[in-house]
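Visitor: Last residue of the sequence shown? That's 344 in the working numbering, and every number before it is there in order. A virtual CB, placed ideally from N, CA and C, is assigned to each residue, including glycine.
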Amino acid sequence: MNNEPILQIKDLKISFQSGKRFLPAVDGISFELREGEILGIVGESGSGKSVTSLAAMGLIPSPPGKIETGEIIFDGRDLRNASEKDWLTIRGNQISMIFQEPMTSLNPLFTIGNQLIEAIRIHTHFSKTEAKARSIELLKLVGIPRVEGILKEYPHQLSGGMRQRVMIAMAMACNPRVLIADEPTTALDVTIQAQILALMKNLNQKTNTSIILITHDLGVVAEICERVIVMYAGLVVEQGDVRTILKKPQHPYTKGLLKAVPDLKGKKERLLSIPGTVPTPGTVVQGCRFAARCAEVFEKCKSEIPDLYQSEKDGHEVRCFLHTLKEEGDEHVGVPS
8 MNNEPILQIK DLKISFQSGK RFLPAVDGIS FELREGEILG IVGESGSGKS VTSLAAMGLI
68 PSPPGKIETG EIIFDGRDLR NASEKDWLTI RGNQISMIFQ EPMTSLNPLF TIGNQLIEAI
128 RIHTHFSKTE AKARSIELLK LVGIPRVEGI LKEYPHQLSG GMRQRVMIAM AMACNPRVLI
188 ADEPTTALDV TIQAQILALM KNLNQKTNTS IILITHDLGV VAEICERVIV MYAGLVVEQG
248 DVRTILKKPQ HPYTKGLLKA VPDLKGKKER LLSIPGTVPT PGTVVQGCRF AARCAEVFEK
308 CKSEIPDLYQ SEKDGHEVRC FLHTLKEEGD EHVGVPS
């Protein structure tokens, strides 16, 4: 894997208009996606995960949405300056996306074949015959059986897992360099979920496509991701290597998410949950945005916003004042259990 970043998000701030006010949905996040990497973005609903991905695709609706500041650098170019004509050549060809619900993303009035062929011909110079051959090749690539029959069927005739495979095939039609998958396994049973994740991992290995996997499920992240970003209320609160974060989480929010994961070995007597909900954008005007739900909160948390602290040892980052409590020589923050 090449360590050079293919996509960089720098200090991105996105707001949405509500009445006469603009409320922050994403508030100054920064991260990199390296070539050939699978990066996970985790957080509850309302944390800003999907809004970030839509910005990377040039799909923030304006109005009511507005990118206030920041850069979206793809292959050395800031996409904030790209025209709609430029986006037509980037979106689908270079950066592609699998949306959360395939039933609402596929047109119910057209066959799978019609939709795949149209997607291919929009972005290439293929003839209809060549586009059909490419469609067959893609459906085989994503493990769909009886391909010729599937091309003639409508979305409602397929299972949820099959529709999701079609969406992955459509997203991979032009061999994009970056694939954004927004909750690709939501509403699928665990068997199909495992198949979809294995398929994405396989595509990553075969084509060296960089993948951003957006999810609320840390189990999914542990399965296929190399690095993970934890978001809360529009901010990155922790990011680093998956193994490090899963074994030694540093932010109280990350610790809470991990404690809420069911233990199939039966070691946990009861499933823990984080009290409260993600605050509505604009309602927390001072202090740490997680303070109202945090079991480790102290006075400073209620009045100041913590910076993103970086470990000198391994680049692990965490947005928490508890790093001031770390022991001498310990490069991690040492959040109390």
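#1: Run through DSSP, which three-state label would K255 get?
#2: Got a sec, what are the start and stop residues for the beta strand (DSSP E) M179 sits in?
#3: The beta strand (DSSP E) spanning Q246 covers which residue range?
#4: Applying the 10 Å Cβ sphere with the 16-neighbour rule, what's the burial state of D189?
#5: Here's the rule: buried if 16 or more other CB atoms are within 10 angstroms of the residue's CB, otherwise exposed. What is D34?
#6: Judging by CA-CA distance, which residue of G289, L315, A299, F297 is the nearest neighbour of G26?
#7: I believe M174 touches A126 by the beta-carbon criterion, under 8 angstroms. Please report the beta-carbon distance rounded to the nearest angstrom.
#8: Of all the alpha helix (DSSP H) runs that stay within the bounds of the segment 115-151, which reach a length of 4 or more residues?
#9: Can you list, in chain order, the stretches of the alpha helix (DSSP H) that have 4 or more residues and sit fully within the segment 38-102?
#10: Are the CB atoms of G156 and L195 within a distance shorter than 8 angstroms?
#11: For H258, does the count of other Cβ atoms within 10 angstroms reach 16, so buried, or fall short, so exposed?
#12: Identify the residues that DSSP records as bridge partners of R28: which are they?
#13: Terminal residues of the continuous beta strand (DSSP E) containing T284?
#14: Give the secondary structure of G35 by DSSP, where H, G and I count as helix, E and B as strand, and everything else as coil.
#15: Do you know how far the Cα of F117 is from the Cα of N88?
#16: For E338 and F23, what's the separation of their Cα atoms in angstroms?
#17: Measuring CB atoms only, is the segment 15-22 touching the segment 66-78, in the sense that at least three cross pairs come out at less than 8 angstroms?
#18: How about G65 and L220: do their beta carbons lie closer than 8 angstroms?
#19: Under DSSP, the alpha helix (DSSP H) around V197 begins and ends at which residues?
#20: Taking L30 as the reference, which of I203, A62, A240 has the closest Cα?
#21: Is it the case that the segment 292-302 contacts the segment 207-215, given that we only count it when at least three CB pairs across the two stretches are under 8 angstroms?
Guide: Checking against the coordinates, here is how it stands:
#1: In the structure shown, K255 sits in coil (DSSP, three-state: anything other than H, G, I, E or B).
#2: From DSSP, M179 is part of no beta strand (DSSP E); its letter is neither H nor E.
#3: 242-248
#4: buried
#5: buried
#6: G289
#7: Wrong, their Cβ atoms sit about 10 angstroms apart, outside the cutoff.
#8: List check, alpha helix (DSSP H) in window: 119-130, 135-148.
#9: 56-63, 91-97
#10: No.
#11: buried
#12: S25
#13: It is not in any beta strand (DSSP E) - T284 carries neither H nor E in the DSSP assignment.
#14: strand
#15: 35 angstroms
#16: Since pLDDT at E338 reaches only 45, below the 50 mark, its modelled position is unreliable, and the value read off the structure follows with that caveat. C-alpha separation (whole angstroms): 38 angstroms.
#17: yes
#18: no
#19: 197-214
#20: A240
#21: Inter-segment contact for the segment 207-215 and the segment 292-302 is absent: fewer than three beta-carbon pairs are separated by less than 8 angstroms.
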